[in-house]
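Protein chains in written order, with the working numbering: chain A, 68 to 438; chain B, 68 to 438; chain C, 68 to 438; chain D, 68 to 438. The beta carbon of each residue, even a glycine, is placed where N, CA and C say it ideally should be. The block underneath contains the structure these notes are about, expressed in structure tokens.
Number of protein chains: 4
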Amino acid sequence: MKNTFGTSIAVTLFGESHGEAIGAVLDGLAPGIEIDEALIREKLSQRRPSGKISTPRVEADEFSIVSGVFDGRTTGTPLCIIIPNTNKKSGDYDRVARLARPGHADYTAECKYHGFQDHRGGGHFSGRLTAALVAAGAILLGALERRGIRVATHISALGSVCDRGFNGNDLENDIKKLNGSTFAVLDDGAAEAMRAEILAAAEEGDSVGGVLETVVCGLPAGVGEPWFDTVEGLLAHAMFSIPGVKGVEFGAGFGISKLRGSEANDPFRAGEGGAVTLTNNNGGINGGITNGMPVVFRCAVKPTPSIFKAQQTVDVKSGENAELTLTGRHDPAIVHRARAVVDCMTALTLADLLAQRYGTDWLAGECPSGK
Amino acid sequence: MKNTFGTSIAVTLFGESHGEAIGAVLDGLAPGIEIDEALIREKLSQRRPSGKISTPRVEADEFSIVSGVFDGRTTGTPLCIIIPNTNKKSGDYDRVARLARPGHADYTAECKYHGFQDHRGGGHFSGRLTAALVAAGAILLGALERRGIRVATHISALGSVCDRGFNGNDLENDIKKLNGSTFAVLDDGAAEAMRAEILAAAEEGDSVGGVLETVVCGLPAGVGEPWFDTVEGLLAHAMFSIPGVKGVEFGAGFGISKLRGSEANDPFRAGEGGAVTLTNNNGGINGGITNGMPVVFRCAVKPTPSIFKAQQTVDVKSGENAELTLTGRHDPAIVHRARAVVDCMTALTLADLLAQRYGTDWLAGECPSGK
Amino acid sequence: MKNTFGTSIAVTLFGESHGEAIGAVLDGLAPGIEIDEALIREKLSQRRPSGKISTPRVEADEFSIVSGVFDGRTTGTPLCIIIPNTNKKSGDYDRVARLARPGHADYTAECKYHGFQDHRGGGHFSGRLTAALVAAGAILLGALERRGIRVATHISALGSVCDRGFNGNDLENDIKKLNGSTFAVLDDGAAEAMRAEILAAAEEGDSVGGVLETVVCGLPAGVGEPWFDTVEGLLAHAMFSIPGVKGVEFGAGFGISKLRGSEANDPFRAGEGGAVTLTNNNGGINGGITNGMPVVFRCAVKPTPSIFKAQQTVDVKSGENAELTLTGRHDPAIVHRARAVVDCMTALTLADLLAQRYGTDWLAGECPSGK
Amino acid sequence: MKNTFGTSIAVTLFGESHGEAIGAVLDGLAPGIEIDEALIREKLSQRRPSGKISTPRVEADEFSIVSGVFDGRTTGTPLCIIIPNTNKKSGDYDRVARLARPGHADYTAECKYHGFQDHRGGGHFSGRLTAALVAAGAILLGALERRGIRVATHISALGSVCDRGFNGNDLENDIKKLNGSTFAVLDDGAAEAMRAEILAAAEEGDSVGGVLETVVCGLPAGVGEPWFDTVEGLLAHAMFSIPGVKGVEFGAGFGISKLRGSEANDPFRAGEGGAVTLTNNNGGINGGITNGMPVVFRCAVKPTPSIFKAQQTVDVKSGENAELTLTGRHDPAIVHRARAVVDCMTALTLADLLAQRYGTDWLAGECPSGK
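Right, here's the structure in full:
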């Protein structure tokens, strides 16, 4: 379904970096969900560039909900959220429109759209569009939280610097710390080192990547499907939409392939309200279905492809070899910004699975009534 | 859509390990695709347990195509392929039906299906169902090959043993070697070491995991979507359906997060029939869309959860703690068998994307006619 | 999605008239639904030809549920139901394979499938496939009934003979009478006249059509969507799959176009458990959503296209003009048989809408448990 | 998928009558389709109220395409079209917000959305939203026309007045006449009588309905699916989204049920570029698939439910009986306006089917290139 994702709750994304606006339509929302505009603004600010470690481009991200909300709550009909593009410097981009930026979608867009694509600033491929995903997803992030389901993401690695892992004995505190922070790291020392690594790369006209680790607490056991629409499959499908993500792993992930079965299996023990596992190498998912433990996954984010070093490339119109040197405003890293997108895409994906399982009204809580 | 995957070409999976039969329905196939039964049998044999490194269980995998094929070619209407279950020893399983096997879906199935699931041998969650996926996918593997698109997978790591990587200068030869082999490894020495590692684990009543690496050659540039239905997102969605897969990465994958942008970006150069890239850290995909280079990805496969060591668990009916010691016939590794499933799920996913882009008839070749 | 219909509960249809088997996969069923095989057999017998008013072809319709059922109840995983084709007289059909039967799909199949279709007996287009829809739908018909939702269809017109309408004051009795009958007519006198009309047409080597009227009682108010997935839109989508249906209308249907608004509007009055309407010109649906009144609709069924009179046609291979005179076994009417298909497609469609609204488990009743 | 319709080309609808804006997202468009803004404006003007036979409400329908178009052509990425709501007199509506208007969706919306719906002016159920469908569909109407596929609709009946039928021998002329007219009638005398009938109803504070008949020429044979996604099923699904449509029939429609098979079957004859039929009782569709003849169908449109006569109803909050007398601005008929919506929904549905069959780029013509 191309630019639509989801079954019971679906998001449709539209817009181009230098067009009039970007936006998203959320369909399938329960009626009566409170719109927490402060939360939307907070997640947008976590995604927004800020400081020396980001592009100096200023993005206002003033969103407008043009449908689907009445008196501060969802109506149950499609919610369209629009973010006008106010700060467009097309000049920066037009100059190199014919030269495919390596690591970007310029060449593949030309192949797919035969030259009709809006090439300015990456057009529809621009990371700018994730602002609309964040705005839409934040609505579900809020709704999930009210139902006891919390999502948080930290930068587990940036270049060569690693954060500490989640503290399984005090996840609540870790989640709180991350969701209150703009640069989402659990170990403050690691945060300093990461910023330094970004600045070092920026000084060289280069960029860095990293790994984001996400935890979801409070999901009921029994959500997901055994084949195809596994929790892993759906979350990965969503995560790979985020520009720059090149790998997704759950629980012990690639590391599990080095374990013996006796180490990898998570032993069950009786717990309150259901079984718990003593370890969580399977990331809260067995057979594609949640087991009630925290869902844990990591996304590998590549270094921003926009760098200031000279690069070899081709002219997409003539097909001939060329050299490209970018100017303009670019992020030396997007990992710290992508974290809000991961949170919001996670919320969109899980809210959909929950709505499929428990019906339309579930997300708004028991017996909502607007009378 | 739960047990259905795909848009223009869709597969629907059904069956349980110890039921009457397993099977799959393939819909959206072009009319006129030749059914190469030998290829189906070959892929099934690559998936089938054999020798000491697999379960001694004998699976005949005699498939029957009950619809959608006439005179040896697809009709264009739904193709249903059925594999009867002939070798069922329910006794082996029933004894432990109440004790959730760690790492398996017994507990999550109980949560989702409230005890109505067919628990015998894993029921609908059984790896046995992948035989139906392989049979269905092999039809598309053959069709893709006739259109110049080849898929091959090798065991890039098994436990601590690593295979050599693909030889980018002679991919054809690597692909040929792999597709003609039952234990898909490029370096014969590695194959020996891997078998030894499996046997060592088996002797201890334990199991091992590994990593599968897949290459797809011959894909046209311009296939895939910028958001959601990215090539990465769809392939990962498909791969996470394969039991035991806990991570999927493309190109340099998680390793790309440690590179600088200047290292990670794949420089373009003019080539015949389109641009080529000098490196392939992006795995043949930019912005979710194929760039004409080989698509490369890896799946992390966990060690088989069925082991013979005693394990802590719970009784799914009473919720109480218990100890479980499995008997019966189990695989000390499934990585080498899963490789055929990866090939076939890859074919299903890519054939769907190609049919969406080029229309229903494309897969059967230009201007097919049965007159 | 071609041969799949439904969102939360989906049916996938496969098979050809003279192939090995026909069948259907039902996915998304709640676990714990009782399989009432007697009801499946009853609906199949209502669809089966019998007596002089039908084809003398004997169809055993022995169905086999090969997956998704355990101990007599649905498991919640895909249910595959298969009906082998036992009585195939291909000889009757092969003779005329090149001559397109007017009113049939022979010519359009040739255009779509380029000659690769299985042409024997209509192949995948054969009314025979509705047996699989009936078998699958009967499972949902039973489940809906246990939740208080009843479906019944009568032959409101056959050729020039009309049945009486539903008695709004005693719908229960009408529904009971219809569901206990093989030739579903409310007025026994009309039944006699209809049979006579069929036999008269048969004697002339001709065929007759008719109109089926369906009522659904017990649906909760608030089901359906305002745009696209309206109750009308989904039911019509389903009904037009039934071979021979050329019109679908709800409530007063085409007749409503001749009323004034003051006559057509259904006035609301306070009732027990919600409002009721004094008339039902809107067929229980306002704005695409159920209002709690009976859903009423009619399907126009064309006369069976297989007739014994000589007809003008073309040879699908050469494209040249030809004359066709059919022999073999054919139905002079299918209206009375199609009624079971309408019931079952109605059940499939509504069960899906209910599952979308109330979640997966709703259909099995409150808090099912197989423990 | 609720407010989204289509597979390869999909439309997502959003907005409320008295909200900020209404709009639609079109996804799956081929790149390079020319945007004919004059055609969009023309179809919008055909839908817009005008003269004494419509509501005196002035709707500017100034649309804005905020994404998916670059240099006057589609980019191939989602096209979002927005129509701001400028003329909102909420006061007219708020007064009766608690009283369910008979024939409208007020009561069912309350049941479905638990009181959270935007009730002003019908909210998301308002016929106003069809302006967005028209704007989106007009883009496809233009694209289809450039590929030789033309769509036209006339008012075949309004209340008791009937138009003449299409002239099969000069369809081109009929189509031209209709598409150039605001009040789409083939017989000018009938047009006069229809206007008189509307005015007569209006004077009594009442309203009238009618029947719209649509013809589609130039469709290739072989489009559509045998089951579920039949051309009839998909068009009907689309048509029942149009507010007030209560019946859809193809070819001879309900009338075919009164014919004998020998009359109903359309005999084939050899024609240029494929077979033709001597009659068209099947409306250009056999077995759910186009046969190359004009596709013909009719929609029954009920009289506008907003009338000025006193009506019995209930208070949706208290559930108690009440009497409702509407004031404000209302249409005594919408049939003549709905015609543009039928044209545009037809274009959306058929463009989707064509894109599924022939691939993404087909709609833009052979080998488009923006280089």
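Could you tell me whether any Cβ in chain D is nearer than 7 Å to the Cβ of residue i?
i              : result
N152 (chain A) : no
Y174 (chain C) : yes
G426 (chain B) : yes
F250 (chain C) : no
G170 (chain C) : yes
F10 (chain C)  : Here chain C comprises residues numbered 68 to 438, so residue 10 (chain C) is not present and cannot be evaluated.
Quick one: is residue i buried, meaning 16 or more other Cβ sit within 10 Å of its Cβ, or exposed?
i              : result
L286 (chain A) : buried
V125 (chain C) : exposed
D237 (chain A) : exposed
N347 (chain B) : buried
E339 (chain D) : exposed
Say whether chain C places a C-beta atom closer than 7 Å to the C-beta of residue i.
i              : result
K438 (chain B) : Confidence at K438 (chain B) is low in this model, with a pLDDT of 44, below 50, so the placement of that residue should be treated as unreliable; the coordinate-derived value is given next. For K438 (chain B), the answer is yes, since a Cβ of chain C falls inside 7 Å of its Cβ.
I216 (chain D) : no
By Cβ distance, which residues of its chain are closer than 8 Å to residue i, with the 5 residues on each side in sequence left out?
i              : result
V381 (chain A) : L166, A167, Y174, E387, N388 and A389
I356 (chain D) : A288, G289, V290, G291, E292, P293, T297 and V298
Can a CB atom of chain A be found closer than 7 Å to the CB of residue i?
i              : result
V343 (chain B) : no
K69 (chain D)  : yes
L420 (chain C) : no
P435 (chain D) : For P435 (chain D), the predicted model reports a pLDDT of 47, less than 50, meaning its position is unreliable; a value from the coordinates is still stated below. So yes, P435 (chain D) belongs to the interface.
H397 (chain B) : no
I356 (chain B) : yes
Grab me the residues of residue i's own chain with a C-beta within less than 7 Å of its C-beta, minus the 5 sequence neighbours each way, in chain order.
i              : result
E316 (chain A) : F364 and R365
T74 (chain B)  : D419 and Q423
Output needed for residue i: all residues of its chain with C-beta closer than 6 Å, excluding positions within five of it in sequence on either side, in chain order.
i              : result
S193 (chain C) : S84
G314 (chain D) : A367
A224 (chain C) : G277 and V278
A127 (chain C) : T153
K438 (chain C) : The predicted position of K438 (chain C) is uncertain, since its pLDDT is 45 and thus under 50; no value can be drawn from it.
A269 (chain A) : P399
I120 (chain A) : R262 and I265
Answer yes or no: does any C-beta atom of chain B fall closer than 7 Å to that of residue i?
i              : result
N347 (chain A) : no
C411 (chain C) : no
P145 (chain C) : yes
S403 (chain A) : Strictly speaking, residue 403 (chain A) in this sequence is His, with Ser absent from that position. With 7 Å as the cut-off, H403 (chain A) does not count as an interface residue toward chain B.
Item to check | chain B contacts made by the region 77-99 of chain C, where a contact means CB separation under 8 Å | outcome: The region 77-99 of chain C vs chain B, Cβ under 8 Å: A77, T79, L80, F81, G82, E83, G86, E87, A88, I89, G90, V92, D94, G95, P98 and G99.
Next on the checklist: Under 9 Å, CB to CB, which of the residues in the region 178-202 of chain C have a partner in chain B?
Outcome noted: Of all residues in the region 178-202 of chain C, only K179, Y180, H181, G182, F183, Q184, D185, H186, R187, G190, H191 and F192 place a beta-carbon less than 9 Å from a beta-carbon of chain B.
Item to check | Residues of the region 267-300 of chain C whose Cβ lies closer than 8 Å to any Cβ of chain A, in chain order | outcome: Result list: P293.
Checklist entry - Residues in the region 366-386 of chain D with C-beta within 7 Å of chain C's C-beta atoms, listed in sequence order? => result Of all residues in the region 366-386 of chain D, A367, V368, K369, P370, T371, P372, I374, K376, Q378, Q379, T380, V381 and G386 have a Cβ within less than 7 Å of some Cβ in chain C.
Checklist entry - Unbroken alpha helix (DSSP H) runs of length 4 or more, entirely within the region 328-382 of chain C: which are they? => result Inside the region 328-382 of chain C, DSSP marks whole alpha helix (DSSP H) runs of 4 or more residues at positions 328-331, from first to last along the chain.
Item to check | Inside the region 181-216 of chain D only - beta strand (DSSP E) runs reaching at least 3 residues | outcome: Fully enclosed beta strand (DSSP E) runs of 3 or longer: not present.
Item to check | Residues, ordered as in the chain, of the region 131-142 of chain C that lie near chain B by beta-carbon distance below 9 Å | outcome: Residues S131, I132, V133, S134, G135, V136, F137, D138, R140, T141 and T142.
Next on the checklist: Tell me which residues of the region 307-341 of chain A have at least one Cβ-Cβ distance to chain D shorter than 8 Å, keeping chain order.
Outcome noted: Those residues of the region 307-341 of chain A placed with their C-beta closer than 8 Å to a C-beta in chain D do not exist.
Checklist entry - Between the region 111-131 of chain B and chain D, which residues of the former have CB atoms less than 7 Å from a CB of the latter, in chain order? => result Residues: none.
Checklist entry - When Cβ atoms are compared, which residues of the region 215-246 of chain A fall closer than 9 Å to chain B? => result Within the region 215-246 of chain A, A224, L225, G226 and S227 place their CB atoms closer than 9 Å to a CB of chain B, listed in sequence order.
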